[in-house]
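In the numbering used here, the protein residues as written are 33 to 142. Just so it is clear, CB atoms sit at the ideal spot from N, CA and C, and this is done for glycine as well. Bear in mind the structure is a predicted one, so any value in this text is a computation, not a measurement. Here's the structure, in structure tokens; my notes come after.
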């Protein structure tokens, strides 16, 4: 898949070393839900919105959903390595803090 906006990019690395790249976290989670067995996954990564180009472990990220920032697939979820950075963006632009499980459910129910 071509990545249209690196601020929202995500990827899965399988235990066999295959890398799947996605436009957004919701694409990653949808693919994971429909195409992969959890046992096949080595790691999952998302781009740090406050530091584009820096990837962070999906399960360690802090999430914010905000319509101010339009993601390529429309769920508008931002990922951050630091809670303080997420809170700073939220205070400036509004939005809703999400847990990994909440993001997963949003992606699953799209």
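Continuous beta strand (DSSP E) stretch holding residue i: start and end
| i | result |
| --- | --- |
| residue 138 | Careful: residue 138 lies outside any beta strand (DSSP E), inside the alpha helix (DSSP H) at 132-140. |
| residue 108 | No beta strand (DSSP E) contains residue 108, which DSSP labels as neither H nor E. |
Sequence-distant residues of its chain with Cβ nearer than 6 Å to residue i (five each side left out)
| i | result |
| --- | --- |
| residue 65 | 140 |
| residue 82 | 112, 117 |
Contacts around residue i, its chain only, beta-carbon distance under 8 Å, and the 5 residues preceding and following it disregarded
| i | result |
| --- | --- |
| residue 38 | 79, 84, 85 |
| residue 115 | 94 |
Opening and closing residue of the alpha helix (DSSP H) in which residue i lies
| i | result |
| --- | --- |
| residue 63 | 57-67 |
| residue 123 | 115-125 |
Residue i and residue j closer than 7 Å at C-beta
| i | j | result |
| --- | --- | --- |
| residue 58 | residue 110 | no |
| residue 192 | residue 44 | This structure gives no information on residue 192, because the portion of the chain shown stretches from 33 to 142. |
| residue 198 | residue 103 | Because residue 198 is not part of the residues shown, which for the chain are 33 to 142, the question remains open. |
Anticipated Cβ contact below 8 Å, residue i with residue j, distance rounded
| i | j | result |
| --- | --- | --- |
| residue 63 | residue 93 | About 17 Å separates the two Cβ atoms, so there is no contact after all. |
| residue 68 | residue 135 | Contact flag wrong, Cβ pair sits at about 17 Å. |
| residue 132 | residue 91 | 6 Å |
Contacting residues, own chain, Cβ-Cβ under 7 Å from residue i (five flanking each side not counted)
| i | result |
| --- | --- |
| residue 74 | 45, 46, 47 |
| residue 105 | 55, 56, 58, 59 |
Cβ contact check for the region 50-57 and the region 114-130: 3 or more pairs under 8 Å: no
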